[in-house]
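Colleague: Quick note, the sequence shown lines up with residues 0 to 174 if you use numbering that gives the first Met the number 0.
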Amino acid sequence: MLKFVAWMPNNSIPEFECRDPQINRYYKEQLQTDIDVRACKAFFLFQDDNVVGFFTLLPHSIKNTNNHGVRKREHKGMGKWLSGVLLGHFAISNEFCGQKHSSGLKYSKILMFYALDSFECIVRNFCGVALLLNPINESVRDKFYIKEYGNLFKKYPTDDDYMYALTDYVLAVLK
Numbered sequence: 000m001l002k003f004v005a006w007m008p009n010n011s012i013p014e015f016e017c018r019d020p021q022i023n024r025y026y027k028e029q030l031q032t033d034i035d036v037r038a039c040k041a042f043f044l045f046q047d048d049n050v051v052g053f054f055t056l057l058p059h060s061i062k063n064t065n066n067h068g069v070r071k072r073e074h075k076g077m078g079k080w081l082s083g084v085l086l087g088h089f090a091i092s093n094e095f096c097g098q099k100h101s102s103g104l105k106y107s108k109i110l111m112f113y114a115l116d117s118f119e120c121i122v123r124n125f126c127g128v129a130l131l132l133n134p135i136n137e138s139v140r141d142k143f144y145i146k147e148y149g150n151l152f153k154k155y156p157t158d159d160d161y162m163y164a165l166t167d168y169v170l171a172v173l174k
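Next comes the structure, spelled out in structure tokens:
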């Protein structure tokens, strides 16, 4: 049975390992501290007692002067920043990577649905123009976010690899 949990400060995080060494290092060395000091909100998906995956959400802004839409908003007093919620870490455990749930959906799709739904709850109580993400590398960007979610996430026109999904688009997907 699937269970989705928003992790609370001072609760010990469960064992977890995925295919990406950077995420594993963050998970083991920093995630517990980030949760405890409320630097991010962490969410876990369990299949019975096994961790399927996790993601983090936190407030974030991207500065950009190259985007025409941002420059138009500057004239309306909105500034040069795109403010939103960052999908900071998104990972599926080794055991569930590439696997499908009995519903026929990949576990990564199920976890992303929960991420989008959690984002919706946050922007309804907070604010944010977009769901932001910064994939670890081009392979993750191309093979996961672009291939799996095509039109939802777009490359943000900056020098780094940020991607975004406008809040209105995310809310439309959830309807």
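Think of the CB as a built atom: it goes at the ideal place given N, C-alpha and C, for glycine as much as any other residue.
Out of L151, N10, N9 and F53, point me to the one whose CA is closest to K2's CA.
Modeller: Ranking L151, N10, N9 and F53 by Cα distance to K2 puts F53 first.
Colleague: Is the segment 110 to 117 in contact with the segment 34 to 49, if contact means three or more CB pairs nearer than 8 Å?
Modeller: The answer is yes - the segment 34 to 49 touches the segment 110 to 117, with three or more Cβ pairs under 8 Å.
Colleague: Hey, out of P134, N9 and V51, whose CA is closest to K108's CA?
Modeller: Here the closest residue by C-alpha is V51.
Colleague: Tell me which residues share the same chain as P58 and place their Cβ nearer than 7 Å to its Cβ, disregarding the 5 neighbours each side in the sequence.
Modeller: Hits under 7 Å: V84.
Colleague: Quick one, which of L86, I145 and P156 has its alpha-carbon nearest T166's?
Modeller: Here the closest residue by C-alpha is L86.
Colleague: Excluding sequence positions up to five away, which residues of its chain have a Cβ less than 7 Å from the Cβ of L151?
Modeller: Result list for L151: A164, Y168 and V172, in chain order.
Colleague: Should G97 be labelled buried (16 or more other beta-carbon atoms within 10 Å of its own) or exposed?
Modeller: Classification of G97: exposed, given that the 10 Å Cβ count is below 16.
Colleague: Let me check understanding here. Comparing Cα to Cα, which of G149, S82 and L170 lies closest to Y113?
Modeller: Measuring from the Cα of Y113, the nearest candidate turns out to be L170.
Colleague: Starting from the C-beta of N93, find all residues in its chain whose C-beta is less than 8 Å away, skip the five residues before and the five after it, and write them out in chain order.
Modeller: The residues are E16, C17 and R18.
Colleague: Could you tell me which residues DSSP puts in a beta bridge with Y163?
Modeller: BP columns for Y163 point to L131 and K153.
Colleague: Please give the ranges of any beta strand (DSSP E) in the segment 9 to 70, keeping only runs that are unbroken, at least 3 residues long and fully inside the region.
Modeller: The segment 9 to 70 contains these whole beta strand (DSSP E) runs: 40 to 46 and 49 to 62.
Colleague: Give the straight-line distance between the Cα atoms of I12 and W6, rounded to the nearest whole angstrom.
Modeller: Whole-angstrom Cα-Cα distance: 8 Å.
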